[in-house]
Amino acid sequence: EDQVTQSPEALRLQEGESSSLNCSYTVSGLRGLFWYRQDPGKGPEFLFTLYSAGEEKEKERLKATLTKKESFLHITAPKPEDSATYLCAVQAGSGGYNKLIFGAGTRLAVHP
Amino acid sequence: DAEITQSPRHKITETGRQVTLACHQTWNHNNMFWYRQDLGHGLRLIHYSYGVQDTNKGEVSDGYSVSRSNTEDLPLTLESAASSQTSVYFCASSLGQLTDTQYFGPGTRLTVL
Chain Y
116 EDQVTQSPEA LRLQEGESSS LNCSYTVSGL RGLFWYRQDP GKGPEFLFTL
166 YSAGEEKEKE RLKATLTKKE SFLHITAPKP EDSATYLCAV QAGSGGYNKL
216 IFGAGTRLAV HP
Chain V
68 DAEITQSPRH KITETGRQVT LACHQTWNHN NMFWYRQDLG HGLRLIHYSY
118 GVQDTNKGEV SDGYSVSRSN TEDLPLTLES AASSQTSVYF CASSLGQLTD
168 TQYFGPGTRL TVL
């Protein structure tokens, strides 16, 4: 069964304290791995798509990396406005065309 | 600007009532999706559509139905609302290529009393 697991469930950081969020997956035939940011009371906002092991993408203080079993979202020198829930999702060959399987998310709180 | 909207944003209803949640996108996307989000479960797929007149069941489709009569809209109907359907519902759309990004609406918070 295809599965996506995110860790930790919650993370508290001080402003400027870099860290990483983990997304591990077991799927049949990965087609793509997606990272979203979700603010309270809002819909998920797209951040990155990764397609193959070794691929990396960056946006401001965020950098996403992908291996054959997991993805990391690295947050460098975070600011309070980076506080949000970060969601990971995979599109797998066994899941059918364009369907996503989501992890439960990591709630990030960055304190000044 | 192109966007995806949902209405209502908040809804309170009673057990047994029929409820319809609206989703409208102006991107001209072929694919549309409905998810529910509950604490501890993440986003779970309810129904999805790859185009007009096409609908498919997701992993948690019992008690829900959808219809796609045009490209822009995919309404979600709860035939007889149950307390277990209290949740936040998100609509999403994507262009329709083999691997492409889904863009989400703002969500509808539904409470079934």
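Chains as they are written, first to last, in the working numbering: chain Y, 116 to 227; chain V, 68 to 180. Ideal placement from N, C-alpha and C gives every residue a C-beta, glycine not left out. Every value quoted in this text rests on a predicted model; they were computed, and no experiment measured them.
**Residues that Lys174 of chain Y bridges to, as DSSP identifies them** = Here the question's residue 174 of chain Y lines up with position 59 in the first sequence. The partner list for Lys174 of chain Y (beta bridge, DSSP) reads Y:Leu177.
**C-beta contact flag for Glu126 of chain V and Gln85 of chain V at 9 Å** = On the second sequence, position 59 is the one that residue 126 of chain V refers to. On the second sequence, position 18 is the one that residue 85 of chain V refers to. Result no, Cβ atoms of Glu126 of chain V and Gln85 of chain V do not sit closer than 9 Å.
**Item:** Pro173 of chain V: contacting residues in chain Y (beta-carbon distance under 9 Å)
**Value:** By one-based count along the second sequence, residue 173 of chain V stands at place 106. For Pro173 of chain V, the residues of chain Y that pass the 9 Å Cβ criterion are Gly156, Lys157 and Gly158, in the order they occur in the chain.
**Prompt:** Exposed or buried, what is Tyr166 of chain Y when buried is set at 16 or more other beta-carbons lying within 10 Å of its beta-carbon?
**Reply:** Start at 1 with the first residue of the first sequence, and residue 166 of chain Y comes out as number 51. Classification of Tyr166 of chain Y: exposed, given that the 10 Å Cβ count is below 16.
**Asked** In chain V, which residues lie with their C-beta within 7 Å of the C-beta of Thr164 of chain Y?
**Response** Residue 164 of chain Y sits at position 49 when you count from the first residue of the first sequence. Neighbours of Thr164 of chain Y on chain V, chain order: Thr168.
**Gln129 of chain Y burial status per 10 Å Cβ neighbour count (16 or more: buried)** = On the first sequence, residue 129 of chain Y is found 14 positions in, with the first residue counted as 1. By the 10 Å Cβ count, Gln129 of chain Y comes out exposed.
**Message:** Would Ser132 of chain V and Gln120 of chain V be called neighbours here (beta carbons separated by less than 9 Å)?
**Reply:** Counted from its first residue, the second sequence places residue 132 of chain V at position 65. Counted from its first residue, the second sequence places residue 120 of chain V at position 53. Their beta carbons are not under 9 Å apart, which means Ser132 of chain V does not touch Gln120 of chain V by this criterion.
**Request:** Answer yes or no: does any C-beta atom of chain V fall closer than 9 Å to that of Phe187 of chain Y?
**Result:** The residue labelled residue 187 of chain Y in the question sits at position 72 within the first sequence. Output row for Phe187 of chain Y: interface = no.
**Asked** Terminal residues of the continuous beta strand (DSSP E) containing Ser161 of chain V?
**Response** Sequence index remark: in the second sequence, residue 161 of chain V carries index 94 (1-based). Unbroken beta strand (DSSP E) run through Ser161 of chain V: Ser154 to Ser161.
**Asked** Given Asp154 of chain Y, which residues of its chain have a CB within under 7 Å of its CB, disregarding the five upstream and five downstream residues?
**Response** Counted from its first residue, the first sequence places residue 154 of chain Y at position 39. Same-chain partners within the cutoff: Ala199.
**Request:** Compare the beta carbon distance of Leu215 of chain Y and Leu136 of chain Y with 9 Å and say whether it is the shorter of the two.
**Result:** Position 100 of the first sequence, counting from 1, holds the residue named residue 215 of chain Y. Position 21 of the first sequence, counting from 1, holds the residue named residue 136 of chain Y. Their beta carbons are not under 9 Å apart, which means Leu215 of chain Y does not touch Leu136 of chain Y by this criterion.
**Item:** His108 of chain V: contacting residues in chain Y (beta-carbon distance under 7 Å)
**Value:** Here residue 108 of chain V refers to the residue found at position 41 when the second sequence is read from its first residue. Listed along chain Y, the residues sitting closer than 7 Å to His108 of chain V by beta-carbon distance are Ala219.
**Asked** Which residue or residues does DSSP assign as beta-bridge partners of Trp150 of chain Y?
**Response** Counting from one through the first sequence, the residue named residue 150 of chain Y turns up at place 35. Residue pairing of Trp150 of chain Y in beta bridges, as defined by DSSP: Y:Phe163 and Y:Cys203.
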